[in-house]
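First up is the structure itself, then whatever we jot down about it.
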Amino acid sequence: MALPGKAPPSTLDEFLEGLWRQNPVFVMVLGMCPALAVTVSAVNALAMGLATAFVLVSSALLVSLIRKMVPKEVRIATYIVIIATFVTVVDYLIAAISLELYEALGAFIQLIVVNCLILGRAEAHASKHPPLPAVTNALGMGLGFAIGLFALGSVREIFGAGKLFGVSLFGPDFQPWVVMVLPPGGFFVLGAWLLLFSWWRSRKVTRSPLPVGEG
Amino acid sequence: MNQPAPAITSSTAMIGTLALVATLCGILIVSAYQGTLPAITANKRLALERAVFEVIPGAASVAEYYASAQGIRPVDEGPAPEGAVKFYAAYDAQGAFLGVAAEAAAKGYADVVRILYAYDPVRQAVTGFGVVGMRETPGIGDKIVTDPQFLKNFEALDVRLDAEMKALANAVKVVKHGTKTRAWEIDAISGATVTCKAVGRGINDSAGRLLPMLVPHLDKLNIQS
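Here the protein sequences line up with chains L and E, keeping their order.
Quick note on numbering: the first sequence equals residues 1 to 215 in my numbering.
Quick note on numbering: the second sequence equals residues 216 to 440 in my numbering.
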């Protein structure tokens, strides 16, 4: 999960890394469990993405703040406790905002705790950088994850229910493509997005004289 | 032998760090819990009311009760007695008793299907149901809430008690599509039989437990507490 170290990146670079170049869903292909399971609608996908982003940013901030006082022997235990704390907080927050959303996301809110993206960022980035770059990087990664989930959720909702954000798009005669909101649909849509991204990236590589990014 | 020893972190430092982080996290969790508790309680109440109002048309307020072998009593009077079943009494805007709603659950195709059904004491029948939670196949299992023919089963599904008031006079049964002949049978949706059976079994089990404890004390619900 650690990224190849180069010259210290600028704040914008830190932010864009997760948002685009190392997008957790489309490039690093991390956190696939929620990415496939809760993306049956745009709202669910966005809520899951933002919840993960919240946990990512909060834990990155705390891990970065205490990075110098945590002995390396107990760092994993410390990070897990911190991540679990913010997942619990986000769990309560979602239940307070909307019980319907809470029921729809189900166990996947609690499962944010084992999203390898978050522990990966804490270990590979936040524990080695001061708060500002750590938070910026986590924010980029979090938003990148949310965008990735939204890309899956919106396509699946449009095809599988003929709706977007619950608003009917094609009128009453539309026959929903039910497989899209079933688990296989998640794989189909993810595969299509990954294909699109690989094609885009390879096109950029062949065009520019210098290789850009690394998957 | 005189190699420099690798820096060893003292146990105190490790335990101290973990204790500090755990304390901090504990404070965060408890504050989040306390801070969101009123909103979550209000949400749960609202969701419950919405669910009950949906199955009992005309209802304007809901009271939660426990039914047990000792009788019935409001939920907020203390912890649940042993073997108690929770149910909801619904009242209209004038405070007149309309009926009872209770939860039922049974294993469906994908997962447990949890429903809330309405019981009409006058007709001694189940008069409607709504889904509280299910993960049935979209477009197949979820027809139980949209299929008009299936919903017709619940206009008055007979759940009257036997003469001793100890059990249902007739067990609620799910039958093959188009073969319903009696008032306590549920005509299944062909293609979604497993989900329909879950609804039937859930109602049968829940009504079979709740009604013998509830029906002898129904008069207590006529006055809203």
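No residue lacks a Cβ here, since even glycine has one placed at the ideal position from N, Cα and C.
All values reported here derive from a predicted model rather than from experimental measurement.
- In the DSSP annotation of this structure, proline 253 of chain E is not part of any beta strand (DSSP E); the continuous alpha helix (DSSP H) holding it starts and ends at 226-270.
- Collapsing the DSSP output to three states places serine 127 of chain L in a helix.
- The beta carbon of arginine 288 of chain E sits closer than 7 Å to those of Tyr280, Tyr281, all from its chain and outside the five residues before and after it, given in chain order.
- By a beta-carbon distance limit of 8 Å, isoleucine 109 of chain L contacts valine 90 of chain L. Their separation comes to about 7 Å.
- Taking a C-beta cut-off of 9 Å against chain L, the contacting residues of the stretch 241-252 of chain E are Gly241, Leu243, Ile244, Ser246, Ala247, Tyr248, Gly250, Thr251, Leu252, listed in chain order.
- Taking a 10 Å sphere around the C-beta of asparagine 437 of chain E, we find fewer than 16 other C-beta atoms and assign the residue as exposed.
- Separation of glutamate 351 of chain E and leucine 101 of chain L (C-alpha to C-alpha, rounded to the nearest whole angstrom) is 17 Å.
- When DSSP reads this structure, leucine 331 of chain E sits in a beta bridge with E:Glu318, E:Gly345.
- At least one beta carbon of chain E lies nearer than 7 Å to the beta carbon of alanine 95 of chain L.
- The closest CA to that of glutamate 379 of chain E, considering only E:Gly298, E:Ile223, E:Pro431, is found on E:Pro431.
- For isoleucine 287 of chain E, there is no enclosing alpha helix (DSSP H); the residue is found in the beta strand (DSSP E) stretching over 286-289.
- Contact between glycine 298 of chain E and serine 283 of chain E holds, with the beta-carbon distance rounding to 6 Å and staying under 8 Å.
- For threonine 206 of chain L, none of the residues of chain E pass the 8 Å Cβ criterion, the least Cβ distance being about 42 Å.
- Uninterrupted alpha helix (DSSP H) stretches at least 4 residues long and entirely within the stretch 37-105 of chain L occur at 42-65, 75-97, 99-105, given in chain order.
- Using a CB distance cut-off of 7 Å, threonine 78 of chain L counts as an interface residue toward chain E.
- Note that the C-beta distance between alanine 333 of chain E and glycine 356 of chain E is not below 7 Å.
- Counting only Cβ-Cβ distances below 8 Å, valine 181 of chain L has contacts in chain E at Pro353, in chain order.
- Secondary structure note for lysine 367 of chain E: its alpha helix (DSSP H) is the uninterrupted segment 363-367.
- Closest by C-alpha distance to isoleucine 223 of chain E, out of L:Glu73, L:Ala47, L:Leu30, L:Phe26, is L:Glu73.
- A distance below 6 Å between beta-carbons, with the five flanking residues on each side excluded, links aspartate 326 of chain E to the following residues of its chain, in chain order: Arg350.
- Look at leucine 196 of chain L here: in three-state DSSP terms it is helix.
- For aspartate 402 of chain E, the enclosing beta strand (DSSP E) has its first and last residue at 400-402.
- When DSSP states are grouped into helix, strand and coil, serine 10 of chain L belongs to the coil group.
- Legend: CB atoms of the stretch 337-350 of chain E lying less than 7 Å from CB atoms of chain L belong to residues Gly348.
- Taking CB atoms only, alanine 254 of chain E has a neighbour in chain L less than 7 Å away.
- The three-state secondary structure of lysine 391 of chain E, taken from DSSP, is coil.
- Under the criterion of beta carbons closer than 8 Å, phenylalanine 150 of chain L and leucine 36 of chain L do not qualify as touching, at roughly 14 Å.
- In the three-state reduction of the DSSP assignment, valine 178 of chain L falls in the helix class.
- The three-state secondary structure of serine 202 of chain L, taken from DSSP, is helix.
- DSSP, read as helix, strand or coil, puts leucine 383 of chain E in strand.
- With contacts defined by Cβ atoms closer than 7 Å, valine 270 of chain E and leucine 331 of chain E form a contacting pair.
- Glutamate 279 of chain E sits in a strand when the DSSP states are folded into three classes.
- The C-beta of aspartate 173 of chain L has fewer than 16 other C-beta atoms within 10 Å across all chains shown, which makes the residue exposed.
- Taken atom to atom, the span from the alpha-carbon of alanine 122 of chain L to that of threonine 256 of chain E is near 34 Å.
- Within 9 Å of the CB of proline 24 of chain L, no CB atom of chain E is found; the nearest one sits about 24 Å away.
- Of the candidates E:Gly406, E:Ala319, E:Asp434, E:Cys240, E:Ala319 places its Cα closest to the Cα of glycine 423 of chain E.
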